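Numbering (my numbering), first residue to last: 1 to 194. No residue lacks a Cβ here, since even glycine has one placed at the ideal position from N, Cα and C. Since the structure is predicted, the reported quantities are computational estimates derived from the model, not experimental observations.
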Amino acid sequence: MADQDHMKVKLHGHWASPFSCRVLWALSLKGIPYDYIEEDLRNKSELLLQYNPVHKKIPVLVHGGKPICESMIIIEYIDEKWPHKPLLPKDPYDRALARFWVKFAEDKGPSIWKVFRTTGEEQEKSKKASLEMLRTIEVYCRINVDKKFFGGDEIGIFDIAFGGMIVHWYDIIEEIVGVKLFEAREFPGLHEMD
1 MADQDHMKVK LHGHWASPFS CRVLWALSLK GIPYDYIEED LRNKSELLLQ
51 YNPVHKKIPV LVHGGKPICE SMIIIEYIDE KWPHKPLLPK DPYDRALARF
101 WVKFAEDKGP SIWKVFRTTG EEQEKSKKAS LEMLRTIEVY CRINVDKKFF
151 GGDEIGIFDI AFGGMIVHWY DIIEEIVGVK LFEAREFPGL HEMD
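And the structure:
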């Protein structure tokens with residue numbers, strides 16, 4: 001029993017975190033049982049600080065007593081450890097392409113959140129950057145119009161990365177702030193995947 005408990009999967013996260021959401025989606029898609037530990041981000045637990053002493057942030061996946069940090073690194077670990085229902089394509093070129101788009105989402109995605117957290121000139125600048133990012137992804141969606149998901153016929157790593165970064169709280173924040181970016185008429189490919 002102690003050995004079995006040692007191999008348990010535990011996720012330290014926060015309910016409002018799009019990064020925690022990414023990991024939750026990956027675990028759920030693969031059907032991996034896990035224990036969830038909700039972290040108070042204002043009063044971080046000793047375990048969180050122990051498991052992520054460098055950045056001191058969530059999410060942290062603990063498997064076999066070993067912590068893994070950073071949402072996309074955690075997702076790649078999950079995909080390698082439990083290879084059923086792969087999140088990354090098998091083909092090396094397609095894997096590289098998926099990683100490219102994940103990096104794109106990581107680099108450009110935060111501009112969307114700045115739209116909702118700023119005002120005036122800074123908000124306009126962030127809105128412009130966000131629309132440029134969405135247009136780039138929309139063009140890719142139109143090229144791959146025959147695909148159900150961004151990376152193919154099955155949900156994959158980019159869908160999780162982009163969905164976690166952009167879609168997780170988008171509708172609620174959009175309503176609260178009153179800024180609409182994600183128009184169906186302007187981004188039909190993205191809305192079909194929504």
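Contact between Val-23 and Leu-61 holds, since their C-beta atoms are separated by about 6 Å, short of 8 Å. Taking 8 Å as the upper bound for CB-CB distance, Leu-88 and Ile-155 are not in contact here, some 12 Å apart. Restricting attention to beta strand (DSSP E) runs no shorter than 3 residues, the segment 64-94 encloses them at 66-69, ordered along the chain.
Closest by C-alpha distance to Glu-174, out of Ile-112, Asp-40, Lys-10, Arg-135, is Ile-112.
When rounded, the separation of the alpha-carbon atoms in Lys-108 and Met-133 is 6 Å.
Listed as beta-bridge partners of Lys-10 by DSSP are Asp-35, Val-62. Asn-52 and Arg-185 have their alpha carbons spaced roughly 43 Å apart. In this structure, Ile-58 lies near His-12, with their beta-carbon atoms less than 9 Å apart.
The alpha carbon of Phe-187 has as its nearest neighbour, out of Ser-130, Gly-178, Gly-152, Ile-160, the alpha carbon of Ser-130.
Under DSSP, Phe-149 forms a beta bridge with Gly-152.
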